[in-house]
Structure formats: C-alpha cells, structure tokens
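Please read the structure below before turning to the comments.
2 protein chains.
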Amino acid sequence: MYRDIIKKSGLSITTKRIALLSALDKAQRPVTIDELRNQMTDTMDTSTMYRSLKKLVDAGIVYQTDFRDGVSYFELQGDNHHHHVVCTECKSRKSIDMCVNKNFNKVEKDTGYTITNHIFELFGLCENCSS
Amino acid sequence: MYRDIIKKSGLSITTKRIALLSALDKAQRPVTIDELRNQMTDTMDTSTMYRSLKKLVDAGIVYQTDFRDGVSYFELQGDNHHHHVVCTECKSRKSIDMCVNKNFNKVEKDTGYTITNHIFELFGLCENCSS
DNA sequence: ATATAAATGCAAATTATTTGCAAATTAATT
DNA sequence: AATTAATTTGCAAATAATTTGCATTTATAT
Numbered sequence: 002m003y004r005d006i007i008k009k010s011g012l013s014i015t016t017k018r019i020a021l022l023s024a025l026d027k028a029q030r031p032v033t034i035d036e037l038r039n040q041m042t043d044t045m046d047t048s049t050m051y052r053s054l055k056k057l058v059d060a061g062i063v064y065q066t067d068f069r070d071g072v073s074y075f076e077l078q079g080d081n082h083h084h085h086v087v088c089t090e091c092k093s094r095k096s097i098d099m100c101v102n103k104n105f106n107k108v109e110k111d112t113g114y115t116i117t118n119h120i121f122e123l124f125g126l127c128e129n130c131s132s
Numbered sequence: 002m003y004r005d006i007i008k009k010s011g012l013s014i015t016t017k018r019i020a021l022l023s024a025l026d027k028a029q030r031p032v033t034i035d036e037l038r039n040q041m042t043d044t045m046d047t048s049t050m051y052r053s054l055k056k057l058v059d060a061g062i063v064y065q066t067d068f069r070d071g072v073s074y075f076e077l078q079g080d081n082h083h084h085h086v087v088c089t090e091c092k093s094r095k096s097i098d099m100c101v102n103k104n105f106n107k108v109e110k111d112t113g114y115t116i117t118n119h120i121f122e123l124f125g126l127c128e129n130c131s132s
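For the protein sequence lines, the chains are A and B, in the order given. Okay, so the first sequence: first residue is 2 according to our numbering, each after it adds one. Okay, so the second sequence: first residue is 2 according to our numbering, each after it adds one.
Listed below in structure tokens is the structure:
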C-alpha cells in the first residue's frame, strides 16, 4: 500500500502523495511532470509535484533520472530495478536489466556518505540512427 | 593533442573547440557552462558552447552529468574515468573510482544500440548532513 | 582555388523549475 | 477528542538554464 511506503520514509501521508505514487505506478515507465499530471485523476499543483517528488526521490521511493532532453523523468522504484539506453539522435529509449552492483558499502566507507539512491543511464545510437 | 581528439570524432577542428577542451582540461572536475566560460581565455558565445559540448559529449570526449541542481555539468573524459557521490542536502561532492563494468557488449546485443557514453552518479547524505 | 558544409555570434524566445506566502491539511500532544 | 505545532499545498510570479533562427565566418573537400 502506498500509505505504508510513504510512512516508512517518515513523510506525511497525504491524499496528493498517494495519488502521485498511484499515477507513477500506473505509468510503469519514466515520465515527466507533464505526463504525470495527465495520468492523475486528482489535480495537483506543479510546484507541489516538484516538492513532493523531490522528497520521494531523496527517500529512495522514486527514481529520478536525466535523459539529456532538458526535463526530469520520474519512475516508481519497484522490485524490478532497472535502467535505460537512450538514443542521442532520436531520443528513443529501451529498458535494460543491467545495473551496477548495488552494494555501495565500499563507497560509503571511502567517502563517509550514506548512499540512498543512484542514477545510471547509457547513451548511444539506436539501430535506425546508426545506419 | 586536442586537435587529434577532435579529429578522431569527425568534427571540425576549430580554435573555439580547442579552447573548450583546454579549459575543461584545466578544470579537472565537473564544471557548469558559467564556470567553464570563466576558465576560458578566449571568449565564446553561450549557445556555441552548448552546441559544441553536445557534439563532444555525443562523441564520448566529454562526460556530461546531472547532479540534480538544475544545471548540466561537463568534465573532460580522461584516462582517470570516474564518477561521483553527491549530498542531496548540502550538494557537496566527492569523486569515486567505482564504475559499472564498462563492457556494454551484452546491452548492445540485447538492445541493438551502440553505446557511446554513460552517466552514473550516487546520491545520499554526507557525514555532516546525516547527523 | 573554389565550392560546399559546418560552426559561430547575436538577440530573442522558450520552458522547466523554484520561491514566498497565506490557507489547509496532517501529525503530535494533552 | 480537542488543541497545538509542524508540514504540505495552491497560487502567482520570478528565475535562470537552454534552445532557436538567421546571417556571417571559418573549416573541409574537390
């Protein structure tokens, strides 16, 4: 349940945030703020979306990423942890299972930072654009 | 030599681009467009910087990354390939040696994409901010 | 040398994201 | 349950990074 997910992070449980997670869940792919708003039945102010998403990202609940097209993308961090390849030409994307070893103990010991989340994306040319 | 690096990518060799690479080389850390312009002796229009950097990034010469503070960062892709940890609170950063296995053959086979570059960043709390 | 293609500067536009503040909602306390 | 304190939300406006069109200059290919 979304309430439990939010609660575990220490954030306040609000109807808007539940709606937000529900919309992200429905999308099942990285979406922009605009796409996200369209997915939502409930209305939600853009600034509120940004503020809430930031907290959910910092809490590790939402995956925020950057496909280098000037917009932030958000995706629900589910069990099927994954990343993407992006064509630098046509901007098409595919999901990939590959991930860096998620055990960040060594980095934490070396740097003193407590790692809560990460970003990993591959860029290149798709089959169409490389020919 | 910067000329050779540019040539190998098939881009035109211009004084501006050489100045750009030289400035990135001097910086030896991820820099924003503004920081980069300050490093440069030669003047260069902002739009030109963006356009040239995009090509250098696509060519795999420059590493472009995103620390989630609304600005793009650029760093010369040298021999010392590395990534970073970023504090989500105070925005402080450290370099780390850790990288995903750079052998992307399996991904290329699975997706049909030709991988030219990637982004990988860790986010969390630094020692100060976690206490 | 000449022609073609690519890169540059300028000025203006676009658009994602942030901020301040008052009202509303949620969490904590008695 | 009722009250207080803390957090969240909406609104409107501001901020600032990035992009675009076009004419000119510079680099590459013939």
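Glycine included, every Cβ here is placed at the ideal spot set by N, Cα and C. Please read these numbers as outputs of a predicted model, since none were measured by experiment.
For this session: Quick one: grab the DSSP three-state call for B/R4.
Result: By one-based count along the second sequence, residue 4 of chain B stands at place 3. Correct three-state label for B/R4: helix.
For this session: Within the same chain, show all residues whose beta-carbon is closer than 7 Å to that of A/D98, passing over the 5 residues directly before and after it, in chain order.
Result: For the purposes of this step, residue 98 of chain A is taken as the residue at position 97 of the first sequence. Excluding residues up to 5 positions away in sequence, H83 lie with their Cβ nearer than 7 Å to the Cβ of A/D98 in the same chain.
Exercise. Could you give the distance in angstroms between the alpha-carbon of B/S73 and the alpha-carbon of B/L123?
Worked result: Position 72 of the second sequence, counted from the first residue, corresponds to residue 73 of chain B. Position 122 of the second sequence, counted from the first residue, corresponds to residue 123 of chain B. Going by the C-alpha atoms only, they are around 16 Å apart.
Problem set entry | Through-space distance from A/L25 to A/Q78, alpha-carbon basis | In the first sequence, residue 78 of chain A corresponds to position 77, counting from 1. In the first sequence, residue 25 of chain A corresponds to position 24, counting from 1. For A/Q78 and A/L25, the distance between alpha carbons rounds to 9 Å.
Problem set entry | Neighbour-count burial assignment, B/D59, 16 or more Cβ in a 10 Å radius | Within the second sequence, the letter at position 58 stands for residue 59 of chain B. That one is buried.
Exercise. I think A/M45 touches A/L21, with their Cβ atoms under 8 Å apart; what is that distance to the nearest whole Å?
Worked result: For the purposes of this step, residue 45 of chain A is taken as residue 44 along the first sequence, with counting starting at 1. For the purposes of this step, residue 21 of chain A is taken as residue 20 along the first sequence, with counting starting at 1. In this structure A/M45 is in contact with A/L21, their Cβ atoms being roughly 7 Å apart against a cut-off of 8 Å.
Problem set entry | Opening and closing residue of the alpha helix (DSSP H) in which A/E36 lies | In the first sequence, residue 36 of chain A corresponds to position 35, counting from 1. Annotation for A/E36: the continuous alpha helix (DSSP H) segment containing it runs I34 to Q40.
For this session: Write down the C-beta distance between B/E67 and B/I120 rounded to the nearest angstrom, noting that I regard them as a contact closer than 8 Å.
Result: The sequence position of residue 67 of chain B within the second sequence is 66, counting from 1. The sequence position of residue 120 of chain B within the second sequence is 119, counting from 1. Note that residue 67 of chain B corresponds to Asp in the displayed sequence, not to Glu. So it is a contact: roughly 7 Å between Cβ atoms.
Problem set entry | Cβ-Cβ distance between B/I62 and B/M50 below 8 Å | To locate residue 62 of chain B, count along the second sequence from 1; it is residue 61. To locate residue 50 of chain B, count along the second sequence from 1; it is residue 49. No; because the gap between Cβ atoms is not below 8 Å, this pair is not in contact.
Problem set entry | Through-space distance from A/I19 to B/D157, alpha-carbon basis | Since the displayed chain B opens at 2 and closes at 132, residue 157 of chain B lies outside it and no answer follows.
Exercise. For B/V86, does the three-state DSSP call read helix, strand or coil?
Worked result: Taking the first residue of the second sequence as position 1, residue 86 of chain B is located at position 85. Note: B/V86 maps to strand in three-state DSSP.
Exercise. Does any C-beta atom of chain B lie closer than 8 Å to the C-beta of A/T112?
Worked result: The sequence position of residue 112 of chain A within the first sequence is 111, counting from 1. Contact of A/T112 with chain B is assigned, a C-beta pair being separated by under 8 Å.
Exercise. Nearest CA to the CA of B/S10: which residue from B/K95, B/K55, B/E90 and B/C100?
Worked result: As a working note, residue 10 of chain B is residue 9 in the second sequence. The residue with the shortest Cα to Cα distance from B/S10 is B/K55.
Problem set entry | Contacts that B/S131 makes with chain A (C-beta to C-beta distance below 9 Å) | On the second sequence, residue 131 of chain B is found 130 positions in, with the first residue counted as 1. Within 9 Å Cβ-Cβ: G113, Y114 and T115.
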